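Written below as structure tokens is the structure these notes are about.
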Amino acid sequence: MTLPTDGTAGWFSRIPTTQKIAFITIDDGWEKNPLALKLFQAARVPITLFLEINAIKADPGFFTPLQSAGAVIENHTISHPNLKGRPYAFQKQEICGGADQLAQYYGRRPVLFRPPGGTHDANTLKAVHDCGMKAAFFWTETTDHGKVFFQQGNTVQPGDIILMHFRPRFVDDFLAVLKAIHDAGLTPARLADYIP
Ligand SMILES: [Zn+2]
28 MTLPTDGTAG
38 WFSRIPTTQK
48 IAFITIDDGW
58 EKNPLALKLF
68 QAARVPITLF
78 LEINAIKADP
88 GFFTPLQSAG
98 AVIENHTISH
108 PNLKGRPYAF
118 QKQEICGGAD
128 QLAQYYGRRP
138 VLFRPPGGTH
148 DANTLKAVHD
158 CGMKAAFFWT
168 ETTDHGKVFF
178 QQGNTVQPGD
188 IILMHFRPRF
198 VDDFLAVLKA
208 IHDAGLTPAR
218 LADYIP
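Take the sequence shown: its position 69, counting from 1, is numbered 96 in the numbering used here, and each next residue is one higher.
As structure tokens, then:
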């Protein structure tokens, strides 16, 4: 696993590894399910949250205790724009601004980034790097309505990155993700640990 040395951030849809691990990522933050903390505490697995400032700013404190239950908070912009094709300055403002605000809320500046909708271009990866983050991520599975959707095959593969959201069926989605990883004989891992 290496990162670019040309002033841009790395871009990954999955982590190249043969270790029996997969990555749980949860985006945005609109739906603040009161059961999330208990779920995380019971599951005791690493989880990566890509939080959007506009989705969390009414209640950033909801996410604070999730950190001691295994969640690491990473960056997902301020206002969730489609970044691809937008000027560098615009992208930088959204990306640096998100990281700055998250650092203020949670006392740790993010090192990872997920572009809204996964869309990005060269300016995105340059801005991610210039804003102090190392890598940006797409995904290999999505989750909704209590089901996991596979882009390839029908099982989670080592190094896969599973995307879910803070949505109304958060509990069903989270349990479906845990089951899919378990059924594949894998264990959830922390994304930041696999980025040098
Ligand atoms: Zn999003």
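Positions of the beta carbon are idealized from the N, C-alpha and C atoms, including for glycine. Since this is a predicted model, take the numbers as computed values, not measurements.
Among the residues of its own chain, which have a CB less than 7 Å from the CB of residue i, if the five just before and after it don't count?
i: Trp57; result: Ala82, Phe193
i: Gly144; result: Asn109
i: Arg41; result: Thr167, Gly186, Asp187, Ile188
i: Phe197; result: Glu58, Asn60, Ala63
Give the range of the beta strand (DSSP E) segment to which residue i is assigned.
i: Asp54; result: 48-55
i: Phe39; result: 37-39
Which partner residues does residue i have in the DSSP bridge list?
i: Asn102; result: Leu78, Phe140
i: Phe225; result: This structure does not reach residue 225, given that the chain is present from 28 up to 223, and the question cannot be answered.
i: His156; result: Partner(s): none; His156 has no beta bridge.
i: Ile189; result: Ile51, Glu168
I'd like to know whether the C-beta atoms of residue i and residue j end up nearer to each other than 9 Å.
i: Asp54; j: Leu190; result: yes
i: Phe77; j: Leu139; result: yes
i: Glu79; j: Pro137; result: no
i: Thr170; j: Ala49; result: no
i: Leu202; j: Leu93; result: no
State buried or exposed for residue i, treating a residue as buried only when at least 16 other CB atoms are found within 10 Å of its CB.
i: Ala116; result: exposed
i: Asp220; result: exposed
Considering residue i, what are the terminal residues of the alpha helix (DSSP H) in which it resides?
i: Ile208; result: 197-210
i: Phe117; result: 115-133
i: Ala63; result: 63-70
Excluding the five sequence neighbours on either side, which residues of its own chain have a C-beta within less than 6 Å of the C-beta of residue i, listed in chain order?
i: Thr44; result: Pro185, Gly186
Against chain B, does residue i count as a neighbour if the rule is that its beta carbon must be under 9 Å from one of theirs?
i: His192; result: Although the question refers to chain B, the structure presented lacks it and comprises just one protein chain.
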